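>
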Amino acid sequence: MAHFTKPAEGSWTQHYPELGTAPVDYSDSIDPAFLDVEREAIFKKTWLNIGRVERLPKTGSYFTKELPSAGLGMSVIIVKTKDGSVKAFHNICRHRGNKLVWNDFPHEETSGTCRQFTCKYHAWRYSLDGELSFIQQEDEFFDVDKSQFGLKPVRCEVWEGFIFINFDDDAQPLAEYLGPLAKGIEGYPFGEMTEVYSYKAEVGSNWKLFIDAFVEFYHAPVLHQKQYTAEEAAKIVQYGFEALHYDLQSPHGMQSVWGGQSPPADLNMVKPMDRVLRSGLFGPWERPDIEGLEHLPPGVNPTRAPQWGIDSFLFFPNFMLLIWAPGWYLTYHYWPTGVDRHIFECSMYFVPPRNARERLAQELAAVTFKEYALQDGNTLEATQTMIGTRVVRDFLLCDQEILIRHLHKVTGDYVNKYRANGDERLRDERASAAKEAHNGSTR
Amino acid sequence: MALPAEFADLEPYLEWDLATEPERYAKRLSSTMAEMQAFYDAAFPRMEEVIAYCDKFSLDDLPEDARTLMHIMQSLVMVSFPIEAWKQARVPDSGAAWVELIKEPVI
Numbered sequence: 000m001a002h003f004t005k006p007a008e009g010s011w012t013q014h015y016p017e018l019g020t021a022p023v024d025y026s027d028s029i030d031p032a033f034l035d036v037e038r039e040a041i042f043k044k045t046w047l048n049i050g051r052v053e054r055l056p057k058t059g060s061y062f063t064k065e066l067p068s069a070g071l072g073m074s075v076i077i078v079k080t081k082d083g084s085v086k087a088f089h090n091i092c093r094h095r096g097n098k099l100v101w102n103d104f105p106h107e108e109t110s111g112t113c114r115q116f117t118c119k120y121h122a123w124r125y126s127l128d129g130e131l132s133f134i135q136q137e138d139e140f141f142d143v144d145k146s147q148f149g150l151k152p153v154r155c156e157v158w159e160g161f162i163f164i165n166f167d168d169d170a171q172p173l174a175e176y177l178g179p180l181a182k183g184i185e186g187y188p189f190g191e192m193t194e195v196y197s198y199k200a201e202v203g204s205n206w207k208l209f210i211d212a213f214v215e216f217y218h219a220p221v222l223h224q225k226q227y228t229a230e231e232a233a234k235i236v237q238y239g240f241e242a243l244h245y246d247l248q249s250p251h252g253m254q255s256v257w258g259g260q261s262p263p264a265d266l267n268m269v270k271p272m273d274r275v276l277r278s279g280l281f282g283p284w285e286r287p288d289i290e291g292l293e294h295l296p297p298g299v300n301p302t303r304a305p306q307w308g309i310d311s312f313l314f315f316p317n318f319m320l321l322i323w324a325p326g327w328y329l330t331y332h333y334w335p336t337g338v339d340r341h342i343f344e345c346s347m348y349f350v351p352p353r354n355a356r357e358r359l360a361q362e363l364a365a366v367t368f369k370e371y372a373l374q375d376g377n378t379l380e381a382t383q384t385m386i387g388t389r390v391v392r393d394f395l396l397c398d399q400e401i402l403i404r405h406l407h408k409v410t411g412d413y414v415n416k417y418r419a420n421g422d423e424r425l426r427d428e429r430a431s432a433a434k435e436a437h438n439g440s441t442r
Numbered sequence: 000m001a002l003p004a005e006f007a008d009l010e011p012y013l014e015w016d017l018a019t020e021p022e023r024y025a026k027r028l029s030s031t032m033a034e035m036q037a038f039y040d041a042a043f044p045r046m047e048e049v050i051a052y053c054d055k056f057s058l059d060d061l062p063e064d065a066r067t068l069m070h071i072m073q074s075l076v077m078v079s080f081p082i083e084a085w086k087q088a089r090v091p092d093s094g095a096a097w098v099e100l101i102k103e104p105v106i
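Listed below in structure tokens is the structure:
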């Protein structure tokens, strides 16, 4: 029996008829050729979130981001310029192609503050705005117009303090791409939540399979039941999981979920440590005392449910944003490095603690996150291996897994569109080649 | 680092005075359940008093003994899952999965 009202069509999935209800094929997660197209069609074409503006506190603050998902070796420098704007450049020197910004190991990300970027190789210098400002022994060169040899820019826009880049110069503006789901949560006090814990993992699964794991909570009562007493676990499994609300605004989607454990209805449900620190999987139970949490933007807890606990957004392709009722948020990113490998990143953002009690409550939330991420990560490797056998090709998805169905459909749409355009491009090329050949033979 | 006199009973556990998560996690994995149980049994009942003691100072400006106490409490949080939930040092069903902390506020 449904605990929460579903749309008139009878299910969330049928509310979006383009999704269908048929079993789903995950060949998109085991086929290396599919990943090659995903790189071109998705990771080189859509807006990718690569962090927060707090990482760039002052003029000259910069960090680098490795983006193998968009192509082997892709690397970007993100910098705060003199006028306060954030800019992004390809991390390559215009002289002979050395990677411009790196420390001991060229493939490792780095960050810092500088007045200008200086290449390690021959000391060519670039301003924070990317202009080539200095060439070592310039008179040895041949009439170089330095204004033509600045760093290669990458499109970069900021939404609510989240920095996005896009490798496609023709892409629509960021706010337009993010659409109404993002519009609805503008004004949430993200900028007040600057106490950050970040985790990183290399996971042996396709990037979409890990998103699948985190856009459904249907698994939570089962996979994570070992933290409860046997009696509590049985109760939770029997109750199962249902979201309050789903909203798909393609290519993005969100779900709004009831509160669970912040604070738990019954204190016996949680560990003694959780009871002392009043914190746990759902974060600290007490809401911090800051502006902006009393009256939430309309897109946060969109149904205004009193039992609301989390809103979980997936901004396509790989950026998840979870806003938790007790006043904190977390982000997930999934960066494919192979068809069966990806880099998973998670950051938890809290309002800075005012005392030891608040600090330890946040510590417990961060520690708890890692315990569960380890279970989730391991399950995913098992899934990847078995899907890879192709023994089974059609997999069932329930109504609470609608965001999985949506993600694989949207991904397929991007890939198919790119392939179709590619076929067209190929046809055009063949046609003009044939014409050339014909002209050649008649000449 | 010596602890304040009223917390002298925690001095046998000073090896848990670890400032960063990677150190605390490594210590958890290299400890026996009996060692973690002894630490938990001694420190968990004192947690409220430790918090009350540390809350007399600003978090940004803790005296050395309070910092040590906070590190011990952070380690206590770290062992709470093995002791209270998993009954083992490692996360169950986590196999070869590895998650690395790359950024944290350090006290």
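Chains A and B are the protein sequences, given in the same order.
Its first residue numbered 0, the first sequence is counted upward by one per residue in numbering that gives the first Met the number 0.
Its first residue numbered 0, the second sequence is counted upward by one per residue in numbering that gives the first Met the number 0.
Glycine included, each C-beta is placed from N, C-alpha and C at the ideal position.
Nothing here was measured: the structure is a model prediction, and the numbers come from that model.
What's the call for cysteine 53 of chain B, buried or exposed, on a 16-neighbour Cβ count within 10 Å?
Here residue 53 of chain B refers to the residue found at position 54 of the second sequence. Per the 10 Å Cβ criterion, buried.
> Just curious, the beta strand (DSSP E) that phenylalanine 133 of chain A is in, first and last residue?
Looking up residue 133 of chain A in the first sequence gives position 134. Per DSSP, phenylalanine 133 of chain A belongs to the beta strand (DSSP E) from 131-133.
> Thinking just about the alpha-carbon of each residue, which of A/Pro6, A/Gly59 and A/Phe42 is nearest to the one in threonine 336 of chain A?
Translated into the one-based positions of the first sequence, residue 336 of chain A becomes position 337. Taking only the C-alpha atoms, the option nearest threonine 336 of chain A is A/Phe42.
> Name the DSSP bridge partner or partners of tyrosine 198 of chain A?
Residue 198 of chain A sits at position 199 when you count from the first residue of the first sequence. In the DSSP output, where bridge partners are listed per residue, tyrosine 198 of chain A has A/Cys345 and B/Leu100.
> In or out: methionine 0 of chain A buried (at least 16 other Cβ within 10 Å) or exposed?
The sequence position of residue 0 of chain A within the first sequence is 1, counting from 1. For methionine 0 of chain A, the predicted model reports a pLDDT of 44, less than 50, meaning its position is unreliable; a value from the coordinates is still stated below. It is exposed - the Cβ of methionine 0 of chain A has fewer than 16 other Cβ atoms within 10 Å.
> Would valine 36 of chain A and valine 414 of chain A qualify as a contact pair, given that the criterion is a beta-carbon distance under 7 Å?
For the purposes of this step, residue 36 of chain A is identified with residue 37 of the first sequence, where counting begins at 1. For the purposes of this step, residue 414 of chain A is identified with residue 415 of the first sequence, where counting begins at 1. Against a cut-off of 7 Å, the Cβ pair of valine 414 of chain A and valine 36 of chain A comes out as a contact.
> Taking Cβ-Cβ distances shorter than 9 Å, what residues in chain A pair up with glutamate 47 of chain B?
Counting from one through the second sequence, the residue named residue 47 of chain B turns up at place 48. In chain order: Val275.
> Using a Cβ-Cβ distance cut-off of 7 Å, determine whether alanine 96 of chain B contacts chain A.
As a position in the second sequence, residue 96 of chain B is number 97, starting the count at 1. Alanine 96 of chain B counts as touching chain A.
> If you measure from the beta carbon of tryptophan 101 of chain A to each beta carbon in chain B, is any gap under 7 Å?
Taking the first residue of the first sequence as position 1, residue 101 of chain A is located at position 102. Taking Cβ atoms only, chain B never reaches closer than 7 Å to tryptophan 101 of chain A, which makes this a no.
> Kindly list the residues whose CB is nearer than 8 Å to the CB of valine 221 of chain A, restricted to its own chain and excluding five residues on each side of it in sequence; keep chain order.
Against the first sequence, residue 221 of chain A aligns to sequence position 222. So the qualifying residues of the chain are Val236.
> Give a yes or no on contact between the segment 385-395 of chain A and the segment 74-88 of chain B, applying the rule of three or more CB pairs nearer than 8 Å.
Too few Cβ pairs lie closer than 8 Å, so no.
> Below 8 Å CB to CB, which residues in the same chain sit around leucine 13 of chain B once its five sequence neighbours on both sides are set aside?
Taking the first residue of the second sequence as position 1, residue 13 of chain B is located at position 14. Taken in chain order, the residues that qualify are Met0, Leu2, Thr67 and Ile71.
> Decide if serine 30 of chain B is buried, meaning its Cβ has at least 16 other Cβ atoms within 10 Å, or exposed.
Counting from one through the second sequence, the residue named residue 30 of chain B turns up at place 31. So serine 30 of chain B ends up on the buried side.
> Which word fits aspartate 375 of chain A, buried or exposed, when buried means at least 16 other C-beta atoms lie within 10 angstroms of its C-beta?
Position 376 of the first sequence, counted from the first residue, corresponds to residue 375 of chain A. Burial call: buried.
> Quick one: does tyrosine 444 of chain A have its CB under 7 Å from some CB of chain B?
Only positions 0 to 442 of chain A appear in this structure, which leaves residue 444 of chain A out of reach.
> Apply the 10 Å Cβ neighbour rule to tyrosine 331 of chain A and answer buried if 16 or more other Cβ atoms are within range, or exposed otherwise.
Counting from 1 along the first sequence, the entry for residue 331 of chain A is found at position 332. With 16 or more Cβ atoms within 10 Å of its Cβ, tyrosine 331 of chain A is classed as buried.
> Please list the partners that leucine 373 of chain A has in chain B, where partner means a Cβ-to-Cβ separation under 7 Å.
As a position in the first sequence, residue 373 of chain A is number 374, starting the count at 1. By Cβ distance, chain B contributes Val90, Ser93, Ala96 and Val98.
> So what does DSSP say about methionine 192 of chain A, is it helix, strand or coil?
Position 193 of the first sequence holds residue 192 of chain A. It is coil, neither helix nor strand.
> Since leucine 320 of chain A meets chain B, which of its residues come closer than 9 Å, beta carbon to beta carbon?
To locate residue 320 of chain A, count along the first sequence from 1; it is residue 321. What leucine 320 of chain A touches in chain B: nothing, since even the nearest Cβ is about 18 Å away.
> May I ask you to report which of helix, strand or coil DSSP gives methionine 77 of chain B?
Here residue 77 of chain B corresponds to residue number 78 of the second sequence, with the count starting at 1. DSSP places methionine 77 of chain B in helix when its eight states are reduced to three.
> Rounded to whole angstroms, what is the Cα-Cα separation between isoleucine 76 of chain A and leucine 321 of chain A?
Taking the first residue of the first sequence as position 1, residue 76 of chain A is located at position 77. Taking the first residue of the first sequence as position 1, residue 321 of chain A is located at position 322. When rounded, the distance between both Cα atoms is 27 Å.
> Note down, in chain order, every chain B residue with its Cβ under 8 Å from the Cβ of alanine 200 of chain A.
Here the question's residue 200 of chain A lines up with position 201 in the first sequence. What alanine 200 of chain A touches in chain B: Ala96, Trp97, Val98 and Glu99.
> Identify the continuous beta strand (DSSP E) that holds cysteine 155 of chain A and give its terminal residues.
Translated into positions along the first sequence, residue 155 of chain A becomes position 156. Cysteine 155 of chain A -> beta strand (DSSP E) spans 152-158.
> So which of A/Pro351, A/Asn377 and A/Asp393 has the shortest CA-CA distance to aspartate 92 of chain B?
Indexing the second sequence from 1 puts residue 92 of chain B at position 93. Minimum Cα distance to aspartate 92 of chain B is reached at A/Asn377.
> In angstroms, rounded to a whole number, what distance separates the CA positions of glutamate 400 of chain A and alanine 232 of chain A?
Your numbering for residue 400 of chain A matches position 401 in the first sequence. Your numbering for residue 232 of chain A matches position 233 in the first sequence. Each residue's alpha carbon lies about 22 Å from the other.
> Are the C-beta atoms of phenylalanine 3 of chain A and some chain B residue less than 7 Å apart?
Reading the first sequence from its first residue, position 4 is the one you call residue 3 of chain A. Not an interface residue.
> Kindly give me the distance between the Cβ atoms of proline 287 of chain A and valine 350 of chain A, rounded to whole angstroms, as I take these residues to be in contact under 8 Å.
Here residue 287 of chain A is taken as the residue at index 288 of the first sequence, counted from 1. Here residue 350 of chain A is taken as the residue at index 351 of the first sequence, counted from 1. Indeed they touch by this definition, with Cβ atoms about 4 Å apart.
> In the structure shown, what three-state DSSP assignment does tryptophan 91 of chain A receive?
Stepping through the first sequence from its first residue, residue 91 of chain A is reached at position 92. For the record, residue 91 of chain A in the displayed sequence is isoleucine; it is not tryptophan. If DSSP states are grouped into helix, strand and coil, isoleucine 91 of chain A belongs with the strands.
> Does the beta-carbon of glycine 111 of chain A have 16 or more other beta-carbons within 10 angstroms, so that it is buried, or is it exposed?
Numbered from its first residue, the first sequence carries residue 111 of chain A at position 112. Its Cβ having fewer than 16 others within 10 Å, glycine 111 of chain A is exposed.
> Suppose only complete runs of 3+ residues qualify. What are the beta strand (DSSP E) ranges in the segment 340-411 of chain A, listed by chain order?
Counting whole runs of 3 or more residues, the segment 340-411 of chain A contains the beta strand (DSSP E) stretches 340-349.
> Short of 6 Å in beta carbon distance, which residues of its chain neighbour leucine 247 of chain A, apart from the five on each side in sequence? Order them along the chain.
The residue labelled residue 247 of chain A in the question sits at position 248 within the first sequence. So the list reads Tyr15 and His405, once near-sequence residues are dropped.
> Output the boundary residues of the beta strand (DSSP E) element that contains valine 75 of chain A.
Looking up residue 75 of chain A in the first sequence gives position 76. 74-79 is the extent of the beta strand (DSSP E) around valine 75 of chain A.
> Note down the Cα distance separating glutamate 318 of chain A from glutamate 156 of chain A, rounded to an integer number of angstroms.
Translated into positions along the first sequence, residue 318 of chain A becomes position 319. Translated into positions along the first sequence, residue 156 of chain A becomes position 157. First, the residue type needs correcting, since residue 318 of chain A is phenylalanine and not glutamate in the sequence shown. Whole-angstrom Cα-Cα distance: 15 Å.
> So, do the segment 202-209 of chain A and the segment 12-29 of chain A have three or more beta carbon pairs nearer to each other than 8 Å?
They touch, by the three-pair rule.
> From the DSSP output, in three-state form, read off proline 16 of chain A for me.
Counted from its first residue, the first sequence places residue 16 of chain A at position 17. The answer is helix: DSSP assigns proline 16 of chain A an H, G or I state.
> Determine the contact status of valine 269 of chain A and glycine 258 of chain A, defining contact as a CB-CB distance below 7 Å.
Stepping through the first sequence from its first residue, residue 269 of chain A is reached at position 270. Stepping through the first sequence from its first residue, residue 258 of chain A is reached at position 259. No; because the gap between Cβ atoms is not below 7 Å, this pair is not in contact.
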